[in-house]
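K.L.:
I have a structure I would like to understand better, so I am pasting it below and will then ask my questions one at a time.
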Ligand SMILES: NC(=O)c1ccc[n+]([C@@H]2O[C@H](COP(=O)([O-])OP(=O)(O)OC[C@H]3O[C@@H](n4cnc5c(N)ncnc54)[C@H](O)[C@@H]3O)[C@@H](O)[C@H]2O)c1
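Residue numbers (the UniProt record's numbering): 1 to 258.
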């Protein structure tokens, strides 16, 4: 098959959790530009709808639905709405993240709240979305982890900034997600569902100048990720061009960890 046809997402229904967030918007845009029908699932439906409308204004087929992945009934309602409005699901980009913990010394309740959404809730939405995909013949899951799920923090990046110590929950659940990817690859193979993980480096988001100076000099690419960097990888993993990529964790960090 021609590679342009392999990469084409026309006819594929794709859900992006947290699709109105920083990396989420780029992921939605890339998948929409490749021809997919993309659903943003977000807690704040009004904001998600505004983001979806802005993409529709650019000619992309983007929609919004509400979900709080920490609430089982909300996940079940999302599942019902996807089936009612779109009839199937081909791709789930598991991208949402809650950030209730700000640093090492936060109360332990903040760690528990993070696990409620980023571990238990995430497993819930993964399983329910895979149930839809399994029933329509298979699909592709793309878990978004982080390079911080693969190693400890580089504390020198935060020297002479007021950014504090990175929170431990983020390292815990992102590390877990990378190995959960491998588990799901084996368990979901009979349902014809591929499962991969992408571990990005930092996205440029107007971080403090001193942080940028500390970070950028260590990156062979010389910069943080920009809004286009994640798009191609998403299209590859979502599409038939990625049909033989399965159980993989792909580091996307501009060479920082080479
Ligand atoms: N931003 C970065 O520099 C960076 C770097 C590496 C990896 N990542 C990864 O990218 C992914 C997205 O991160 P981001 O920086 O874009 O985050 P973000 O905070 O900008 O967006 C996260 C989204 O998740 C949503 N969310 C939070 N709790 C939710 C819940 N209970 N139910 C449903 N949605 C919920 C938020 O509303 C938000 O839209 C995460 O998996 C993160 O680990 C981000």
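Every residue, glycine too, gets a C-beta built ideally from N, C-alpha and C.
Would you tell me roughly how many angstroms separate the C-alpha atoms of residue 4 and residue 164, rounded to the nearest one?
P.N.:
Each residue's Cα considered, the two are about 45 angstroms apart.
K.L.:
So is residue 163 in contact with chain C if we call contact Cβ pairs under 8 angstroms?
P.N.:
No chain C is part of this structure, which consists of one protein chain only.
K.L.:
Which runs of the beta strand (DSSP E), 3 residues or longer, sit entirely within the region 108 to 186?
P.N.:
Entirely contained in the region 108 to 186, the beta strand (DSSP E) runs reaching 3 residues are, in chain order, 139 to 144.
K.L.:
Check whether the Cβ of residue 17 lies closer than 7 angstroms to any heavy atom of ligand 1, and answer yes or no.
P.N.:
Yes.
K.L.:
Please classify residue 94: does DSSP put it in a helix, a strand, or coil?
P.N.:
It is a strand residue.
K.L.:
If distances are taken between C-alpha atoms only, which option among 197, 225, 150 comes closest to residue 246?
P.N.:
Ranking the options by Cα distance to residue 246, first place goes to 197.
K.L.:
Could you check which residue in 242, 203, 50 has the C-alpha nearest to that of residue 216?
P.N.:
It is 203 whose Cα lies nearest to the Cα of residue 216.
K.L.:
In the DSSP output, what is residue 85 paired with across the bridge?
P.N.:
Per DSSP, none; premise fails for residue 85.
K.L.:
For the beta strand (DSSP E) that contains residue 26, what are its first and last residues?
P.N.:
Per DSSP, residue 26 belongs to no beta strand (DSSP E); it is in the alpha helix (DSSP H), 22 to 33.
K.L.:
Please classify residue 156 as buried or exposed, where buried requires at least 16 other C-beta atoms within 10 Å of its C-beta.
P.N.:
Classification of residue 156: exposed, given that the 10 Å Cβ count is below 16.
K.L.:
Under the three-state reduction of DSSP, which class applies to residue 252: helix, strand or coil?
P.N.:
Residue 252: strand per DSSP, three-state reduction.
K.L.:
With DSSP as the reference, label residue 210 as helix, strand or coil.
P.N.:
Residue 210: helix per DSSP, three-state reduction.
K.L.:
Buried or exposed: which applies to residue 179, given that a residue is buried once 16 or more other Cβ atoms fall within 10 Å of its Cβ?
P.N.:
Exposed.
K.L.:
Compute the minimum distance between the beta carbon of residue 20 and the heavy atoms of ligand 1, and state whether it is under 7 angstroms.
P.N.:
At least one heavy atom of ligand 1 is nearer than 7 angstroms to the Cβ of residue 20, so yes.
K.L.:
Can you tell me the Cα-Cα spacing of residue 154 and residue 111, whole angstroms?
P.N.:
If I take the Cα positions, the gap works out to 21 angstroms.
K.L.:
Does the beta-carbon of residue 57, which I'm using as the reference point, lie nearer than 7 angstroms to any heavy atom of ligand 1?
P.N.:
False, no ligand heavy atom lies under 7 angstroms from that Cβ.
K.L.:
Who are the Cβ neighbours of residue 169 in its own chain at under 6 angstroms, not counting the five residues just before and after it?
P.N.:
So the list reads 101, 111, 114, once near-sequence residues are dropped.
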